[in-house]
DNA sequence: CAAGTGCCTTTATC
DNA sequence: AGATAAAGGCACT
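In my numbering, the protein residues as written are 4 to 293.
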């Protein structure tokens with residue numbers, strides 16, 4: 004099956020899967036292979052045509068954020084030269100709608116790790132506790148369910164190389180399994196309320212919550228502030244803050260909650276209801292500038 | 001080569 | 001409230 008793209012309907016598959024928002028995609032030749040929930044599939048982009056097998060167009064439009072009105076979003080977030088450069092260079096990068104459960108565990112794992120290490124941890128977890136499937140002679144593993152991880156010992160989880168995160172994964176899985184908690188239900192609730200709910204899971208602080216809100220729950224106003232965004236704000240947006248505040252966050256390696264909230268609020272007020280898109284473009288642009 | 005730093009941070013404790 | 005330390009392990013300098 005295929006979807007026809009255009010200038011008024013832009014999408015760039017490579018940028019979208021390569022910008023570090025999802026961790027379990029693999030490129031083989033010109034096809035990208037992925038697994039979402041129980042389904043493995045492949046997809047490629049040939050200029051303005053998107054081709055895929057084993058999933059329908061409705062799923063693709065949902066998962067890859069193709070229902071977001073990107074031209075409208077650009078018109079709202081392109082308010083300075085920095086964001087303009089990022090939007091021009093990576094035009095077509097879209098925010099995914101990942102599975103919330105996988106996204107939650109992924110970003111619990113992501114704390115204090117780099118992207119290759121995060122990929123490795125998630126691969127290990129999936130290989131050990133997910134189900135093996137195959138598509139087009141491509142083997143993959145589904146992401147382990149809350150039930151499966153709730154029943155897995157901390158020791159076994161730790162064997163996947165997740166370190167101290169093992170107990171957070173275990174406790175979060177048990178909370179969801181025990182209360183029959185439906186993360187999908189959070190899609191219908193507002194940003195603030197949902198963030199408060201996510202913060203009750205162990206291993207989930209403000210940054211992880213914002214990532215889950217943005218990358219899986221469709222809260223496009225979420226503005227995750229990681230170490231890169233902190234650097235970006237200090238580098239390009241320092242004039243929006245008192246000198247003393249900048250000095251303070253420069254002097255420490257990690258942000259206090261109050262400092263995080265201040266940077267996060269800046270992002271949301273400055274870029275508006277699609278601040279998450281601004282965040283991801285700035286993030287990817289800065290990371291690829293080296 | 002050893003030791004320090006950084007990695008899409010959170011939690012516990014004072 | 002704010003500061004500080006600890007928590008895998010690996011790549012890089």
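Think of the CB as a built atom: it goes at the ideal place given N, C-alpha and C, for glycine as much as any other residue.
All values reported here derive from a predicted model rather than from experimental measurement.
Hey, would you say residue i sits closer than 8 Å to residue j, going by beta carbons?
| i | j | result |
| --- | --- | --- |
| residue 85 | residue 285 | yes |
| residue 263 | residue 209 | yes |
| residue 153 | residue 177 | yes |
| residue 96 | residue 112 | no |
| residue 147 | residue 94 | no |
| residue 271 | residue 226 | yes |
| residue 212 | residue 202 | yes |
| residue 53 | residue 98 | no |
| residue 186 | residue 107 | yes |
| residue 119 | residue 219 | no |
| residue 80 | residue 275 | yes |
| residue 164 | residue 123 | yes |
| residue 267 | residue 228 | yes |
| residue 297 | residue 217 | For the chain, the structure presents residues 4 to 293; residue 297 sits outside this window and is missing. |
| residue 51 | residue 8 | yes |
| residue 66 | residue 49 | no |
Tell me where the beta strand (DSSP E) around residue i begins and ends.
| i | result |
| --- | --- |
| residue 55 | 52-56 |
| residue 206 | No beta strand (DSSP E) holds residue 206; DSSP gives it neither H nor E. |
| residue 226 | Per DSSP, residue 226 belongs to no beta strand (DSSP E) and is neither H nor E. |
| residue 7 | 5-7 |
| residue 70 | Segment: none, residue 70 is in no beta strand (DSSP E) and carries neither H nor E. |
| residue 48 | 42-49 |
Run through DSSP, which three-state label would residue i get?
| i | result |
| --- | --- |
| residue 24 | coil |
| residue 185 | coil |
| residue 32 | coil |
| residue 193 | coil |
| residue 275 | helix |
| residue 270 | helix |
| residue 37 | strand |
What are the boundary residues of the alpha helix (DSSP H) that includes residue i?
| i | result |
| --- | --- |
| residue 233 | 230-239 |
| residue 85 | 84-92 |
| residue 254 | 246-254 |
| residue 65 | 60-66 |
Roughly how many angstroms separate the alpha carbons of residue i and residue j, rounded to a whole number?
| i | j | result |
| --- | --- | --- |
| residue 89 | residue 288 | 5 Å |
| residue 193 | residue 101 | 18 Å |
| residue 4 | residue 114 | 37 Å |
| residue 145 | residue 249 | 43 Å |
| residue 140 | residue 91 | 38 Å |
| residue 197 | residue 59 | 29 Å |
| residue 180 | residue 283 | 31 Å |
| residue 151 | residue 11 | 43 Å |
| residue 265 | residue 138 | 46 Å |
| residue 33 | residue 47 | 6 Å |
| residue 36 | residue 69 | 18 Å |
| residue 253 | residue 206 | 25 Å |
| residue 156 | residue 56 | 37 Å |
| residue 30 | residue 42 | 17 Å |
| residue 64 | residue 109 | 22 Å |
| residue 373 | residue 72 | The structure shown does not extend to residue 373, since the chain is modelled only from 4 through 293, so no value can be given for it. |
| residue 133 | residue 17 | 26 Å |
| residue 136 | residue 234 | 41 Å |
| residue 215 | residue 241 | 27 Å |
| residue 230 | residue 143 | 32 Å |
| residue 174 | residue 87 | 42 Å |
| residue 62 | residue 189 | 19 Å |
| residue 105 | residue 168 | 15 Å |
| residue 82 | residue 182 | 44 Å |
| residue 44 | residue 281 | 29 Å |
| residue 273 | residue 161 | 41 Å |
Minimum length 3: unbroken beta strand (DSSP E) runs contained in the stretch 113-141 = With a minimum length of 3 residues, the continuous beta strand (DSSP E) runs that stay inside the stretch 113-141 are 135-138.
Would you mind listing the beta strand (DSSP E) stretches within the stretch 136-177 that are 3+ residues and don't spill past its ends, in chain order?
-> Secondary structure remark: continuous beta strand (DSSP E) runs of at least 3 residues inside the stretch 136-177, in chain order: 141-144.
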